[in-house]
Amino acid sequence: MADELRHRMMSGAIPPGSLLPSEATLMAEFSVARGTVREALALLRAEGLTVSEKGRGTFVRPVLPVRRLGSERYRAELEQVRRGELGTSFTVDQRVDWSSYTLDKEFREVPAADPAAELFGVTPGTMLLERRFVFRTHGVAQQMSTSFLLLSMVADTPVADPANEPWPGGNTSQLHSLGYDITAVREQVVARMPLPDEKDTLRIPGGVPVVAITRQTYVDEMVVEVADIVVPGDRVRLDYLIHLT
220 MADELRHRMM
230 SGAIPPGSLL
240 PSEATLMAEF
250 SVARGTVREA
260 LALLRAEGLT
270 VSEKGRGTFV
280 RPVLPVRRLG
290 SERYRAELEQ
300 VRRGELGTSF
310 TVDQRVDWSS
320 YTLDKEFREV
330 PAADPAAELF
340 GVTPGTMLLE
350 RRFVFRTHGV
360 AQQMSTSFLL
370 LSMVADTPVA
380 DPANEPWPGG
390 NTSQLHSLGY
400 DITAVREQVV
410 ARMPLPDEKD
420 TLRIPGGVPV
430 VAITRQTYVD
440 EMVVEVADIV
450 VPGDRVRLDY
460 LIHLT
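Residues 220 to 464 (my numbering) make up the sequence shown, in order.
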């Protein structure tokens, strides 16, 4: 039963956003008991293919825009900064207009825990500016990130003021305003299941993993920013071109 319903959804016979037939209708069509219907529907929910709403039924999950993450996106952001254009690597990736982009933000000063200290190459306890962001397009949460900057670099500057976010040009422009020009970005990418707050904020259904990216931003040999970025796995495509010569 689950195989047949999955096939109908994947082929478009039951289009995204459609309400699946009622339990009684499915029981009659497949000649099965109610418990079997519920097990099949639970399996489809666990696969991230459907969502259930209390009192309304089970719906085929809508197809959401897929964000492309490519290795050249930071270069594009740098070029925007040099041209004085509005934008960030997020808006470049999403191909969205700046006016439709909003940001939830929370700033605080924290001592570097061991993982962040190791990524920065500093002593644990070194003070950092922690910035927690939820990126939205047209009001819909698309990405979460926790970004750290060395407090000694940004204290008492406009970069440390959350009122200035979203900042045109993002990290690239912020660091440039302080006299630091980014020379390299390193990303480590893993897939995992979402944490409870990620699941709630990004409205991720059961069975859908996230792509978690740990980023180190360099100015020459110095790490000037570390970030943990989380994107729903069904809304992202990794696209990297690597030149070997």
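Don't be surprised by glycine CBs; every beta carbon is placed ideally from N, CA and C.
In the DSSP assignment, residue 323 falls within the unbroken beta strand (DSSP E) covering 320-330. Within the same chain, and ignoring the five residues on either side of residue 368 in sequence, the residues whose Cβ sits closer than 6 Å to its Cβ are 348, 444. Following the DSSP letters along the chain, one finds residue 255 inside the alpha helix (DSSP H) bounded by residues 253-265.
With contacts defined by Cβ atoms closer than 9 Å, residue 339 and residue 455 do not form a contacting pair. For residue 271, the enclosing beta strand (DSSP E) starts and ends at 269-272.
Within the same chain, Cβ atoms closer than 6 Å to the Cβ of residue 378 are found at 393, the five residues on either side in sequence being excluded. Along the length of the segment 351-399, whole beta strand (DSSP E) runs at least 3 residues long occupy 359-369, reported in chain order. Shortest Cα-Cα distance from residue 374 to any of 397, 342, 249, 390 involves 397. Per the coordinates, the alpha-carbon of residue 239 lies some 20 Å from the alpha-carbon of residue 422. Between the segment 246-253 and the segment 395-409 there are fewer than three C-beta pairs closer than 8 Å, too few to call the two in contact.
Ranked by how close their Cα comes to the Cα of residue 402, the residues 388, 438, 380, 371 have 438 in first place.
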